[in-house]
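Asks: Residue numbers (our numbering): 326 to 1103. Okay, handing you the structure first.
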């Protein structure tokens, strides 16, 4: 039988620059990343491990990597085992041919440079670098499941529900030992046990012969119901990946069927079965085994009424998350994953977008257990015409789907995020279409999806490729007003009567040090972030045709291109801080919106110091009525929106203690009235960077500085990059800015981009560059 051992200890590590300088490698324990906030290092790093391993006769050894960021080459005792491109999926190599009994040297060279052929090529997050997920050693018999097959264990499970019957499907691939042939009497026993561990079904089939059900026995796919009850069909295509041919959806064997079963039903009851495949020899001796948790559920999406799970309507409301965590960054482990999922459960989310790449297997396991509806995706954020880049996307997509198909929590496979930020081009439609077809070829039981930014027109072909679509929108933060959010939703639904719409990102940044009685955009106050969410969320909540919405983001995360609210290297849109120690007020707003058990929270508790004789006290609760006790008096307010405002509450000099109650729940807070305003609450940009609004006093002067028929700082990054003369001039005058532009969002105006980037150039230098750009005609 196979054995699995941790292979995380006793490694050494050195960056390429350290090796060149003759520095000694440092001892490390995996998972490990070389990222630090002090410097975003994108280069190669070398890991080494010396080990002894004596195999018994007929045994094999495999090494399974759960993620190396972002490309790597693996060698054992000077022999190259293989190369892997993509930092987020599992891959396995066999060690056996080159293994010695003592003093084996394993070398992993990892590289996180941007490159041109391996996604991601860009993004508002870090490509951290390193062996940032765990490594396992596997010892098997000579005959075993193929643990090298697309990063799976050689057994892939999927499930279906149709006509009231639950079905378990499987695809298996077996490695025979030396001197054995494919007809050597191997068989596979499939067992299904319920949540209590009781065997409910079992079946044994020949390992080399498909069952009759293997041709065309798949479920018919997920219905996407358009208006008037029409159904959009799911297309299929042939695989184009370069590895061993992956199984198509039709290649899976129908293993077991259940007439009586417990459905996986989201937050209400995330019921899980245990599916086990055991490889047997001709004497029924167990050679290898693979076990997975599975669940049985059906779902559909109606273009007007939204998402249905097991024929019941469910309004999907949740969050997105990145992988990184304070201090350990992408090298997170069980403790960090548990904390993340505890907070996601606490807020009451029922769906989770795992952005912008495949996450560790354990995260999907926890989502299965907690009943979350998951959107999984590949890191396709910049799509060029390079065919190698598309081939890599197909590889990463295939790995993600085959490795994760058994998870009942996964309902959506995402194929792209904001690729049009670089400019929308016709070639994108064909290439994204190929990824969409690959999804359906590999898995007909789930839906494909994509995320577009607001610059993509509602009538764009990008909205007609995947089964469902979604938008990343920031009305009231980066552009527009709160009211524009609802207007956009209605416009899209009017223009796309057959395409279901979700919102894949929306949010606003905050630094918890900043506070205001009169919050406004870009003041980075906790109060503005809360106001933003209070203002835009109802537009999604109250429209049934919006199949789901995902707050961006559940947690603050690393973004090396940012300096926001005087904090470097962070995107601060999280509902929870990067260290997971503090839940922001907006967190409690959503907790009151989404939880079914009683919730109450007094907002603005970090806004302690006040200098007015009265204040408005805001309380979040899911109860119909809240009582606020302050200064010896009771104040009562009612609300059906979850937000209770008690206006003109008197403040005495010194401490003012307040208690909010609603039924069985209560919260309390203390505010301090003082003579003068606390200026530390006011955001003052310590690195103000560029503000071209100060360059002109009227529209006439603005038009002279930024003429429409000539280039200027007001042009988009994509526009400036596309003109060789303009971009050469920027590279010559400001090489740091030019380098950042190569990986930046193409739709951003350059002046706006550098205001976020805050490069080390003076305003006078930017004025000179703008004058030079004006010399170039469009």
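C-beta: ideal position from N, C-alpha, C; glycine also. Every value quoted in this text rests on a predicted model; they were computed, and no experiment measured them.
(1) For the alpha helix (DSSP H) containing residue 1044, list its first residue and its last residue.
(2) Taking DSSP as the reference, what is the three-state secondary structure of residue 999?
(3) For residue 903, collect the residues of the same chain with a Cβ closer than 6 Å to its Cβ; drop the 5 residues on either side in sequence, then sort them by chain order.
(4) By Cβ distance below 7 Å, which residues in the same chain neighbour residue 374 in space, the five residues on each side in sequence not counted?
(5) Using DSSP bridges, identify the partner residues of residue 917.
(6) Is it right to say residue 1009 is buried, meaning 16 or more other beta carbons lie within 10 angstroms of its own, or is it exposed?
(7) Strictly by DSSP, which residues pair up with residue 873?
(8) What does residue 375 pair with, by DSSP beta-bridge criteria?
(9) Please list the terminal residues of the continuous alpha helix (DSSP H) segment that includes residue 1072.
(10) Which of the three DSSP states, helix, strand or coil, is assigned to residue 979?
(11) Alpha carbon to alpha carbon, what distance is there between residue 583 and residue 492?
(12) Short check: CB of residue 1038 to CB of residue 1075, under 8 Å?
(13) In angstroms, rounded to a whole number, what distance separates the CA positions of residue 923 and residue 987?
(14) Pop quiz: residue 787 and residue 777 are said to be a contact at Cβ under 8 Å. What is the actual Cβ separation, rounded to whole angstroms?
(15) Is it right to say residue 1019 is buried, meaning 16 or more other beta carbons lie within 10 angstroms of its own, or is it exposed?
(16) Report the three-state DSSP secondary structure of residue 1093 (helix, strand or coil).
(17) To the nearest angstrom, how far is the alpha carbon of residue 715 from that of residue 840?
(18) Only counting the same chain, and skipping five residues up and downstream in sequence, which positions put a Cβ closer than 6 Å to that of residue 889?
(19) For residue 408, which three-state DSSP category applies?
(20) Tell me the rounded alpha-carbon separation between residue 823 and residue 914.
(21) Compare the C-alpha of residue 639 against each of 623, 906, 649 and name the closest.
(22) Mind checking whether residue 427 and residue 733 have CB atoms under 8 Å apart?
(23) Around the C-beta of residue 545, are 16 or more other C-beta atoms found within 10 angstroms, so that it is buried, or is it exposed?
(24) Expressed to the nearest angstrom, what Euclidean distance is found between the alpha-carbon atoms of residue 1101 and residue 1035?
(25) Where does residue 978 land, buried or exposed, given buried means 16+ other C-beta within 10 angstroms?
(26) Let me know the secondary structure DSSP gives residue 392 once reduced to three states.
(27) Which whole-angstrom value is the C-beta distance of residue 460 and residue 389, which I expect to be below 8 Å?
(28) Given residue 480, which residues of its chain have a CB within under 6 Å of its CB, disregarding the five upstream and five downstream residues?
(29) Does the Cβ-Cβ distance between residue 663 and residue 655 come in under 8 Å?
(30) Leaving out five residues before and five after residue 853 in sequence, what residues of the same chain have Cβ atoms less than 6 Å from its Cβ?
(31) Can the beta-carbon of residue 968 be found closer than 8 Å to that of residue 953?
(32) Using 8 Å as the threshold, is the segment 739-757 in touch with the segment 668-676, meaning 3 or more CB pairs across them?
(33) Is the segment 353-370 touching the segment 407-421, taking contact as three or more C-beta pairs under 8 Å?
(34) Measure the Cβ-Cβ separation of residue 569 and residue 474 and say whether it is below 8 Å.
(35) Following the continuous alpha helix (DSSP H) through residue 1028, name the residue where it begins and the one where it ends.
(36) Given a cut-off of 8 Å, decide if residue 393 and residue 433 are closer than it, judged by their beta-carbon atoms.
Replies: Once the coordinates are examined:
(1) It spans 1042-1047 - the alpha helix (DSSP H) in which residue 1044 sits, taken as one unbroken run.
(2) coil
(3) 651, 881
(4) 335, 336, 431
(5) In DSSP, residue 917 forms no bridge with anything.
(6) exposed
(7) DSSP lists 641 as partners of residue 873.
(8) 430
(9) Segment: none, residue 1072 is in no alpha helix (DSSP H) and carries neither H nor E.
(10) Strand.
(11) If you take the alpha carbons of residue 492 and residue 583, they lie about 6 Å apart.
(12) yes
(13) 8 Å
(14) 6 Å
(15) exposed
(16) helix
(17) 46 Å
(18) Cβ neighbours of residue 889 within its own chain (closer than 6 Å, five residues either side excluded): 834, 897.
(19) strand
(20) It is roughly 33 Å from the alpha-carbon of residue 823 to the alpha-carbon of residue 914.
(21) When C-alpha distances from residue 639 are compared across 623, 906, 649, the shortest belongs to 623.
(22) With respect to the 8 Å criterion, residue 427 and residue 733 are not classified as neighbours on the basis of their beta carbons.
(23) Only weak support exists for where residue 545 lies, its pLDDT of 37 falling under 50; the value from the coordinates is given anyway. Per the 10 Å Cβ criterion, exposed.
(24) 6 Å
(25) exposed
(26) coil
(27) 7 Å
(28) 470, 497, 602, 615
(29) no
(30) 844
(31) no
(32) no
(33) no
(34) yes
(35) 1024-1030
(36) yes
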